[in-house]
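The next block holds one structure in the form of C-alpha cells; read it before the comments.
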Amino acid sequence: MIDNELPSPSCHLGPPMLILSYLVLGACAGLTAGLFGIGGGLIIVPALVFSFGLQGMSPEILTHVAVGTSLATIVVTSASSIRSHHLKGGVRWDLFKPLAIGIVVGAVVGVKTAGQLSGAMLQLLIGCFAIAVAVQMGLGLKPKPSRDVPGRVSLGIVGSIIGSVSALFGIGGGTMTTPYLNWCNVRIQSAIGTSAACGFPIALAGALVNIEEGWSHPALMEWSLGYVYLPAFFGIVLTSAWFARYGARLAHALPETVLKRAFAVLLLLVGGRFLLTALGHS
Numbered sequence: 217m218i219d220n221e222l223p224s225p226s227c228h229l230g231p232p233m234l235i236l237s238y239l240v241l242g243a244c245a246g247l248t249a250g251l252f253g254i255g256g257g258l259i260i261v262p263a264l265v266f267s268f269g270l271q272g273m274s275p276e277i278l279t280h281v282a283v284g285t286s287l288a289t290i291v292v293t294s295a296s297s298i299r300s301h302h303l304k305g306g307v308r309w310d311l312f313k314p315l316a317i318g319i320v321v322g323a324v325v326g327v328k329t330a331g332q333l334s335g336a337m338l339q340l341l342i343g344c345f346a347i348a349v350a351v352q353m354g355l356g357l358k359p360k361p362s363r364d365v366p367g368r369v370s371l372g373i374v375g376s377i378i379g380s381v382s383a384l385f386g387i388g389g390g391t392m393t394t395p396y397l398n399w400c401n402v403r404i405q406s407a408i409g410t411s412a413a414c415g416f417p418i419a420l421a422g423a424l425v426n427i428e429e430g431w432s433h434p435a436l437m438e439w440s441l442g443y444v445y446l447p448a449f450f451g452i453v454l455t456s457a458w459f460a461r462y463g464a465r466l467a468h469a470l471p472e473t474v475l476k477r478a479f480a481v482l483l484l485l486v487g488g489r490f491l492l493t494a495l496g497h498s
C-alpha cells in the first residue's frame with residue numbers, strides 16, 4: 217500500500233536534492249549497465265542503501281527496500297533491453313521459456329528468504345556477492361564453452377537457482393545467466409540477449425513479492441508500495457534506460473580489460489563497505 221499517513225523521518229537532504237540524486241543514480245546505473253554488460257542492480261542496491269540511510273529510513277528494512285526498488289526498476293529497463301535484442305535476433309526464446317518458469321519460482325523463494333533475514337545479514341550476503349563478482353570480472357574468470365544446452369527440466373532447475381539468487385540481491389541475473397549459457401555453447405550475442413530477456417521475469421516476480429512482503433510494514437516511509445520506494449523508482453527509471461545507450465556506445469570506444477578491472481575495483485570497495493557495515497552491526 218502507499219503509506220502517506222506516516223510522518224516522514226528526519227532527512228539530511230531536501231526533496232529536490234533527493235529527486236536529483238535518484239535521477240543521477242539512474243544515469244549512473246544505466247551507464248554502468250551499458251558499459252559493462254551487466255544489470256544496474258549491483259550499483260543501484262548499494263547506492264539506495266546509502267541514500268535511504270541518509271533519509272533516516274529504519275535499518276530494519278532499508279536494505280529490503282533497496283532490493284525491492286532495484287528489482288522494480290529492472291522491470292522497466294529490461295523491457296526496453298528485450299526489444300532491442302529481439303529486433304537483432306539475439307533472444308533464444310526456446311531457452312527463455314523453460315528458464316523463465318524456474319526463474320519465477322526461484323524469485324519468489326529468493327524474496328521470501330530475504331524477508332526472513334535481518335538487514336545486517338542481507339548486507340553481509342550482498343557484500344560477499346559483490347566481491348565474488350569483482351574477482352570474477354577482474355581476473356576474467358569464465359567457463360569455456362564445453363557442453364551442450366541441457367533439457368527443459370534442467371534449464372528450469374538452473375532458472376530457479378538464478379532467480380532465487382538474483383531476487384535475493386536485487387539484480388537482473390546477467391552475471392549468472394550469460395556465463396551459464398555461454399558455457400553451454402550458446403553464442404555470446406544470444407547468451408547476452410537471452411540473459412536480458414530473463415531479467416524481466418526475475419524483476420517482475422521479485423518486485424511483486426517484495427510489494428506483498430512489505431505491505432503495511434510499520435517502518436515504511438511515506439510513498440512506499442511495500443518494499444518499493446516510489447520516488448526512487450521513478451527517478452531511476454527516468455534516466456537509466458536513456459544513459460544505458462550511451463554506456464553501450466562508450467564501451468566500444470574504451471579498452472574492455474581496463475573497463476572490467478575498473479568496475480571490479482568499484483565492486484570490491486562496495487562489497488568491502490557492506491561487509492564492514494554488516495559486521496559492525498553483528
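Numbering-wise (our numbering), the sequence shown opens with residue 217 and increments by one.
Glycine is no exception: its CB is placed at the ideal position from the N, C-alpha and C atoms.
Go ahead and pull the three-state DSSP assignment for residue i.
| i | result |
| --- | --- |
| residue 423 | helix |
| residue 444 | strand |
| residue 392 | helix |
| residue 398 | helix |
| residue 332 | coil |
| residue 274 | coil |
| residue 432 | coil |
| residue 357 | coil |
| residue 314 | helix |
Quick check: the Cα distance between residue i and residue j, rounded to an integer number of angstroms?
| i | j | result |
| --- | --- | --- |
| residue 302 | residue 395 | 19 Å |
| residue 336 | residue 309 | 38 Å |
| residue 276 | residue 431 | 15 Å |
| residue 481 | residue 361 | 27 Å |
| residue 238 | residue 304 | 31 Å |
| residue 358 | residue 494 | 29 Å |
| residue 371 | residue 315 | 5 Å |
| residue 258 | residue 346 | 7 Å |
| residue 451 | residue 242 | 7 Å |
| residue 469 | residue 438 | 43 Å |
| residue 265 | residue 233 | 16 Å |
| residue 426 | residue 368 | 28 Å |
| residue 435 | residue 280 | 12 Å |
Per the DSSP calculation, residue i is bridged to which residue(s)?
| i | result |
| --- | --- |
| residue 381 | Bridge partners of residue 381: none, in fact. |
On a Cα-Cα basis, can you pick out the residue from the options that is closest to residue i?
| i | options | result |
| --- | --- | --- |
| residue 183 | 389, 433, 493, 256 | It is not possible to answer for residue 183, since the shown part of the chain is limited to 217 through 498. |
| residue 384 | 319, 398, 441 | 319 |
| residue 284 | 330, 239, 296, 315 | 330 |
| residue 453 | 352, 344, 297, 326 | 297 |
| residue 488 | 307, 348, 412 | 348 |
| residue 278 | 485, 458, 474, 442 | 442 |
| residue 353 | 476, 486, 426, 492 | 476 |
- Item | Whole runs of the alpha helix (DSSP H) within the segment 452–483, excluding any shorter than 4 residues | none
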